[in-house]
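Structure record follows, encoded as structure tokens.
Protein chains: 2
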Amino acid sequence: MAKRTRVTSHDVAARAGVSQPTVSLVLSGNPRARVAKATRARVLRAAEELGYRPNLLARALVQQRSFAIGVVVPTLSNPFFVDVVNGLERVAVAEGYAVLLCNGRGEPVAPQVETLRGRMVDGLIIDAAGAAGLPEALLADMTVVLVEEVSERWPTVTSDAEAAGRLAAEHLLELGHRAVAMIGPATDVHALRRRERGFLATLRQAGVSVRSRWLRRAPATVRGGQEAMRALLGLDARPTAVFCATDLVALGALKACVSARVRVPEEVSLVGCDDIEMARLTTPELTTVAVPARELGARAARLLIGMLEGGPDTRGRRRPLPVSLVRRGTTAPPVASAGGARMEGSR
Amino acid sequence: MAKRTRVTSHDVAARAGVSQPTVSLVLSGNPRARVAKATRARVLRAAEELGYRPNLLARALVQQRSFAIGVVVPTLSNPFFVDVVNGLERVAVAEGYAVLLCNGRGEPVAPQVETLRGRMVDGLIIDAAGAAGLPEALLADMTVVLVEEVSERWPTVTSDAEAAGRLAAEHLLELGHRAVAMIGPATDVHALRRRERGFLATLRQAGVSVRSRWLRRAPATVRGGQEAMRALLGLDARPTAVFCATDLVALGALKACVSARVRVPEEVSLVGCDDIEMARLTTPELTTVAVPARELGARAARLLIGMLEGGPDTRGRRRPLPVSLVRRGTTAPPVASAGGARMEGSR
DNA sequence: GGCCTTTGCCAATACGTATTAACTCCGCAA
DNA sequence: TTGCGGAGTTAATACGTATTGGCAAAGGCC
Numbered sequence: 001m002a003k004r005t006r007v008t009s010h011d012v013a014a015r016a017g018v019s020q021p022t023v024s025l026v027l028s029g030n031p032r033a034r035v036a037k038a039t040r041a042r043v044l045r046a047a048e049e050l051g052y053r054p055n056l057l058a059r060a061l062v063q064q065r066s067f068a069i070g071v072v073v074p075t076l077s078n079p080f081f082v083d084v085v086n087g088l089e090r091v092a093v094a095e096g097y098a099v100l101l102c103n104g105r106g107e108p109v110a111p112q113v114e115t116l117r118g119r120m121v122d123g124l125i126i127d128a129a130g131a132a133g134l135p136e137a138l139l140a141d142m143t144v145v146l147v148e149e150v151s152e153r154w155p156t157v158t159s160d161a162e163a164a165g166r167l168a169a170e171h172l173l174e175l176g177h178r179a180v181a182m183i184g185p186a187t188d189v190h191a192l193r194r195r196e197r198g199f200l201a202t203l204r205q206a207g208v209s210v211r212s213r214w215l216r217r218a219p220a221t222v223r224g225g226q227e228a229m230r231a232l233l234g235l236d237a238r239p240t241a242v243f244c245a246t247d248l249v250a251l252g253a254l255k256a257c258v259s260a261r262v263r264v265p266e267e268v269s270l271v272g273c274d275d276i277e278m279a280r281l282t283t284p285e286l287t288t289v290a291v292p293a294r295e296l297g298a299r300a301a302r303l304l305i306g307m308l309e310g311g312p313d314t315r316g317r318r319r320p321l322p323v324s325l326v327r328r329g330t331t332a333p334p335v336a337s338a339g340g341a342r343m344e345g346s347r
Numbered sequence: 001m002a003k004r005t006r007v008t009s010h011d012v013a014a015r016a017g018v019s020q021p022t023v024s025l026v027l028s029g030n031p032r033a034r035v036a037k038a039t040r041a042r043v044l045r046a047a048e049e050l051g052y053r054p055n056l057l058a059r060a061l062v063q064q065r066s067f068a069i070g071v072v073v074p075t076l077s078n079p080f081f082v083d084v085v086n087g088l089e090r091v092a093v094a095e096g097y098a099v100l101l102c103n104g105r106g107e108p109v110a111p112q113v114e115t116l117r118g119r120m121v122d123g124l125i126i127d128a129a130g131a132a133g134l135p136e137a138l139l140a141d142m143t144v145v146l147v148e149e150v151s152e153r154w155p156t157v158t159s160d161a162e163a164a165g166r167l168a169a170e171h172l173l174e175l176g177h178r179a180v181a182m183i184g185p186a187t188d189v190h191a192l193r194r195r196e197r198g199f200l201a202t203l204r205q206a207g208v209s210v211r212s213r214w215l216r217r218a219p220a221t222v223r224g225g226q227e228a229m230r231a232l233l234g235l236d237a238r239p240t241a242v243f244c245a246t247d248l249v250a251l252g253a254l255k256a257c258v259s260a261r262v263r264v265p266e267e268v269s270l271v272g273c274d275d276i277e278m279a280r281l282t283t284p285e286l287t288t289v290a291v292p293a294r295e296l297g298a299r300a301a302r303l304l305i306g307m308l309e310g311g312p313d314t315r316g317r318r319r320p321l322p323v324s325l326v327r328r329g330t331t332a333p334p335v336a337s338a339g340g341a342r343m344e345g346s347r
């Protein structure tokens, strides 16, 4: 029951009959450290026998780096962010970094970021900082990479959000839609704003304008999409197509349509954005714009670790990651007859 | 550009004209510490002015506790575990603990747990340890709480998994199903095994046995459910109802039915388990057994923190959390006519 | 005014590791 | 013999905090 204290490098030293620094040299120092072969073997055996695990906190304290990176996401309830995290963790772990995941859960993350700072994370990856409401001052003299955000101050990793909006618009235009609505972001998430901008700009270039009543704002959740769509369906003049800034929102919108017995895509076409797994699980399947979430995370991790190890010059701006339209079942030409081209959108 | 070194308690001491221990006494020591009012004020002001943040690693090193708890989940791609984490984080943060989330991503978590150990987490919450393939030896002399697992050695927090299976079985029996299949877990996740046991036992008591070909095993993913269901549909003798150990599996099964143009619930009834948000987004909505994921996490956190602070006697076994059947659209009586009682299952 | 208690602060040390400088051997050349 | 250099090890120290014991000053008591 007596919680035996952890075995330290001193214990290993004692057992191997050497001093503690020698243990440190063998186990963590440069492999080119001058230590006799026999000694090294003795130390290794002693460490093995005692089950020695170095105390990473002590190591971080003296080395002034913890080999941990902090990751801040606004929520894990959106599978998109889970994918970003997955991509990012794979890289980080492979490079020998631990990931301290900080889940905003919708609340302000400032205090949690304070904690990360206090735990001496070497760097920070912040996803959708706008949503997190993070004061810049908090990040003073930290190494930071932003995901899906723009910034003069810190390097960023983004997808081509304008193109996402453009692809959605082009798809709807091509199908013949002119009465088009959008459910945009309620908060200041940069990527979502840019999706919106790309969408609206493309429509405008085609001579189609979105009536202000058809431009709604909703939190990026299922419920948000549901309520916004309900509002749209309640108008006397309904759009024939709706672009949602996020797949979750689109799924909510789809749900609202089903509840209201509005047929999708016959009466209303829906386009989402992200291409989360769930998008393929509904009936009909969701037409959406695929955003490479995992790759976004992986790139952010590579960039950050590069900065941490290679110096700050690694921040050569890479171009945004490409996105692509995925035609599925929730889009079709407007006022389609029940027969005809109805299945056109699905493969 | 020169990354100014962090401000330490020594800096604060210098500015306030006191010694470092005094700073420590004021800022972190017992509030009843004997410090003159004026001194305390000076220290607090100096700390404020310098923007002092204590180094939590150093503190952890000397206090031999880090006020961090490690959390291990097999994957974050299953929203169920995200909910558990959400519930758990809320409690932990409120109690002043940081959460170090360790995402298995399907791979063995042992090395990551090593890292958590090395970072001196005060305790560990491990969810679905069986899936994680975690050797017990790794956890020697750690304070651990298991979620959805049974163990003689460590305290556990569970839902009433047998009841979950029983409720599903009773529901299907009540509807009149006799040709019943199940898609069970492929790995050794205890809760899923118990769901299965409860399900099969209840059927057996009612004189219904599940033919071995109708008892399939699949990983707890959408794809797993999809493939298992495809296999079931390929048999010459099809069941009229299928219980899936997990909602994700059920969603995959539903997807497989839709793809195969098998109508749900008319031709096949489906029951899931977990009640994740997604279960309400499909058409028809998924009938399932609700498991209080968030509460599961919250309880685990409370139990662990109680053990950390109050001593090991707090582990008085609480009864498993209750589960409840949620009737929705994927269940109906077998061989139902297109009209009649078809919608009975939905509210 | 001496003695004891209380108050307020600090010197010293510990936590477990990494790193630097120094120290010991030992052989070898001058 | 002295001096020198390199190989192998260790003593000393630092990282930033918390904690213990003690020291000086202030106050209470007779």
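Chains A and B, in that order, give the protein sequences. Per the working numbering, residue 1 is the first one in the first sequence, and the count goes up by one each step. Per the working numbering, residue 1 is the first one in the second sequence, and the count goes up by one each step. From the three backbone atoms N, C-alpha and C, an ideal C-beta is built for every residue, glycine too.
Which residues mark the beginning and the end of the beta strand (DSSP E) in which G297/A is found?
In the DSSP assignment, G297/A falls outside any beta strand (DSSP E) and within the unbroken alpha helix (DSSP H) covering 293–310.
Under 7 Å between the Cβ atoms of H190/B and E149/B?
With respect to the 7 Å criterion, H190/B and E149/B are classified as neighbours on the basis of their beta carbons.
Note down, in chain order, each residue of its chain lying with its Cβ closer than 6 Å to the Cβ of K3/B, except the 5 sequence neighbours on either side.
Any reading at K3/B must be qualified, since the residue scores a pLDDT of 46, below 50, and its modelled position is unreliable; the value itself is stated next. Within the same chain, no Cβ atom closer than 6 Å to the Cβ of K3/B is found once the five residues on either side in sequence are excluded.
Please list, in chain order, all residues of the same chain as V43/A whose beta carbon is under 6 Å from its beta carbon, the five residues on each side excluded.
Leaving aside the five residues that flank V43/A on each side, the residues in its chain whose CB is nearer than 6 Å to its CB run, in chain order, A16, V23, V26.
Taking the beta strand (DSSP E) that N78/B belongs to, which residues open and close that run?
Looking at the DSSP string, N78/B is not in any beta strand (DSSP E), and its letter there is neither H nor E.
Helix, strand or coil at F67/A [DSSP, three-state]
Note: F67/A maps to coil in three-state DSSP.
Please classify R216/B: is it buried, with 16 or more other beta-carbons within 10 angstroms of its beta-carbon, or exposed?
By the beta-carbon neighbour count (other beta carbons within 10 angstroms, threshold 16), R216/B is buried.
Cβ closer than 7 Å: which chain B residues qualify as neighbours of G350/A?
What the structure shows of chain A is the stretch from 1 to 347, and residue 350/A is not part of that stretch, so it cannot be assessed.
Spatial neighbours of E277/A within its chain, please: CB distance less than 7 Å, with the 5 preceding and 5 following residues excluded, ordered by chain position.
For E277/A, the CB contacts under 7 Å within the same chain, skipping 5 residues up- and downstream, are P79 in chain order.
According to a CB-to-CB cut-off of less than 8 Å, which residues of the region 279–302 of chain B neighbour chain A?
Contact annotation: in the region 279–302 of chain B, residues whose CB is within less than 8 Å of a CB in chain A are R280, L281, T282, T283.
Which whole runs of the beta strand (DSSP E) in the region 186–214 of chain B are 3 residues long or more, in chain order?
The qualifying runs do not exist here; there are none.
Min CB distance A241/A to chain B below 7 Å:
Residue-level contact by beta carbon fails for A241/A and chain B, as no gap is shorter than 7 Å.
Within chain A, the residues that R204/B reaches when beta carbons sit closer than 7 Å
Correct list: empty, because the minimum Cβ distance to chain A is about 33 Å.
According to DSSP, what are the bridge partners of G184/A?
Answer by DSSP bridge pairing, in chain order: R217/A.
From the DSSP output, read off the bridge partner residues of A290/B.
Its beta-bridge partners are D274/B, S324/B.
Give the residues of chain A in contact with E89/B, contact being defined as C-beta atoms less than 7 Å apart.
Contacts between E89/B and chain A, judged by CB atoms closer than 7 Å, involve N103, R105 in chain order.
Give me the Cβ distance between L321/B and D160/B, rounded to the nearest whole Å; I'm assuming they're in contact under 8 Å.
Right, their Cβ atoms sit about 7 Å apart.
Going by alpha carbons, who is nearest to A60/B out of V121/B, Y52/B, V113/B?
Checked all of V121/B, Y52/B, V113/B; the closest Cα to A60/B is V121/B.
What residues from the region 27–40 of chain B come within 9 Å of chain A, judged by C-beta to C-beta, listed N to C?
Hits within the stretch: zero.
Which term fits A332/A, buried or exposed, when burial requires 16 or more other beta carbons within 10 angstroms of its beta carbon?
Burial call: buried.
Measure the Cβ-Cβ separation of P219/B and A186/B and say whether it is below 7 Å.
Against a cut-off of 7 Å, the Cβ pair of A186/B and P219/B comes out as a contact.
Reducing DSSP to helix, strand and coil, say where G252/A ends up.
Note: G252/A maps to helix in three-state DSSP.
Among the residues of its own chain, which have a CB less than 8 Å from the CB of A14/B, if the five just before and after it don't count?
Non-local beta-carbon contacts of A14/B in its own chain, meaning distances under 8 Å to residues more than five positions away in sequence, are absent.
Where does L173/B sit, in a helix, a strand or coil, going by DSSP?
In the structure shown, L173/B sits in a helix (DSSP, three-state: H, G or I).
By Cβ distance below 8 Å, which residues in the same chain neighbour V222/A in space, the five residues on each side in sequence not counted?
A distance below 8 Å between beta-carbons, with the five flanking residues on each side excluded, links V222/A to the following residues of its chain, in chain order: L248, V249, L251, G252, K255.
Proximity below 7 Å, CB of V323/A to CB of A163/A
Taking 7 Å as the Cβ cut-off, V323/A and A163/A qualify as a contacting pair.
Partner residues on chain B for T115/A, Cβ-Cβ distance less than 8 Å
Annotation: Cβ neighbours of T115/A in chain B (cutoff 8 Å, chain order): L56, A98.
So is D141/A buried or exposed if we call it buried at 16+ other beta carbons inside 10 Å?
The residue in question, D141/A, is exposed, as its Cβ has fewer than 16 Cβ neighbours within 10 Å.
To which residues of the same chain is V91/B closer than 8 Å at the C-beta, ignoring the five residues directly before and after it?
Same-chain partners within the cutoff: G297, A298, A301, R302, I305.
Specify the secondary structure class of A341/A as computed by DSSP and reduced to three states.
Any reading at A341/A must be qualified, since the residue scores a pLDDT of 35, below 50, and its modelled position is unreliable; the value itself is stated next. Correct three-state label for A341/A: helix.
Examine the Cβ distances between the region 281–288 of chain A and the region 254–272 of chain A and report whether three or more of them are shorter than 8 Å.
Verdict: yes, contact present.
Indicate whether at least one CB of chain B lies closer than 7 Å to the CB of L76/A.
Yes - at least one Cβ of chain B is within 7 Å of the one on L76/A.
Buried or exposed: Q63/B, going by 16 or more other Cβ atoms within 10 Å of its Cβ?
If you draw a 10 Å sphere on the C-beta of Q63/B, you find fewer than 16 other C-beta atoms in it, and that means exposed.
In chain B, what lies closer than 7 Å to E174/A by C-beta?
Residues of chain B passing the Cβ test: none, with the nearest at roughly 27 Å.
Backbone CA spacing between E49/A and A128/A [nearest angstrom]
Answer to the nearest angstrom: the Cα atoms are 47 Å apart.
Measure from the C-beta of A60/A to each C-beta in chain B and report whether the shortest distance is under 7 Å.
When Cβ-Cβ separations below 7 Å define contact, A60/A makes contact with chain B.
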